Structure formats: C-alpha cells, structure tokens
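Novice:
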Amino acid sequence: MIPTGSSKKIGGAVEINIVNDLKSPYTSNALEELLLLTFNQCYTRNPDELLNTTPIEQYLYIKGWSNAVRNMKLISCSWDDDIGYEITPTDKIPYKGYQHQKGIVLGKKS
C-alpha cells in the first residue's frame, strides 16, 4: 500500500515514497491496521519529484513502472467529505495501464 501526497509539479495527488507491505497470509485485523496506517501517512510528506522512479519501482528494485506492476492489481482507496470512503477496483488494460471501474462507497449514506 502506498500513501499519496500533494504535488505542485503535477497539480494533484501522487504517491509518496512510503511502501507498506502486507505479506500473505494475513488476517482481517492486519489488513485493517495497515490500511489505517497508510491512510494516516497520506499528505504527511511531499513526494520526491526529483526522482525518475516511482515508490513501487524503488521498493521492488525493478526498473520501469510497467515492469514493476506487471502481475499486480490496483485498488484505489480515497476519502470524500460528502460520500465517505470510496474503494475503486481497476482492470489492467495492456499498454494503457489501469482503467478505474465503478467505485464502492463505504461510510456515509446519501
């Protein structure tokens, strides 16, 4: 799990240089604890915009983002004051990256 921070260069949220790893097998409690840790780390530091590599490349020691995420799934978790948490699964599209699907809203009710 990789928390995000604010980028002035890009003008939005980007990954910061922290990677929280959850080894399998894991318990529901371990997953919840790591999710909360990762959420609490969001926006605690600025991303290192001078690096040409992403946090996942650095963590896995693999050159190239596409190579680093080749056999991985992406699930985006975000918070919105109006709707609560939103969990967004993705499909991996060859040569195009990840395509977000319809998100699942947790927390606040409409």
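Everything in the sequence shown is counted per our numbering, starting at 689 for the first residue and increasing by one.
The beta-carbon is built from N, C-alpha and C at its ideal position, and this holds for glycine as well.
A quick note: this is a predicted structure, and the numbers were derived from the prediction, not measured.
Out of Asn708, Gly785 and Gly693, state which residue places its alpha-carbon closest to the alpha-carbon of Glu737.
Specialist: Gly693
Novice: At the level of alpha carbons, what is the spacing between Val793 and Asp769?
Specialist: 12 Å
Novice: Beta carbon of Thr741, beta carbon of Pro691: below 8 Å?
Specialist: no
Novice: Terminal residues of the continuous beta strand (DSSP E) containing Tyr786?
Specialist: Per DSSP, Tyr786 is one residue of the beta strand (DSSP E) stretching across Gly785 to His788.
Novice: Exposed or buried, what is Ile704 when buried is set at 16 or more other beta-carbons lying within 10 Å of its beta-carbon?
Specialist: Counting Cβ neighbours within 10 Å, Ile704 comes out buried, since at least 16 surround it.
Novice: Taking 8 Å as the threshold, find out whether the segment 716–726 comes into contact with the segment 745–761 through three or more Cβ pairs.
Specialist: no
Novice: Excluding the 5 residues preceding and the 5 following Tyr747 in the sequence, name in chain order all residues of the same chain whose CB lies nearer than 8 Å to its CB.
Specialist: Val707 and Asp709
Novice: Quick check for students: name the residue ranges of the alpha helix (DSSP H) that lie wholly in the segment 695–778, counting only runs of 4 or more.
Specialist: 716–729, 743–748 and 753–756
Novice: Assuming Ile690 is part of the beta strand (DSSP E), what are its boundary residues?
Specialist: Where Ile690 is concerned, there is no enclosing beta strand (DSSP E), given that its DSSP letter is neither H nor E.
Novice: Does the beta-carbon of Pro782 have 16 or more other beta-carbons within 10 angstroms, so that it is buried, or is it exposed?
Specialist: exposed
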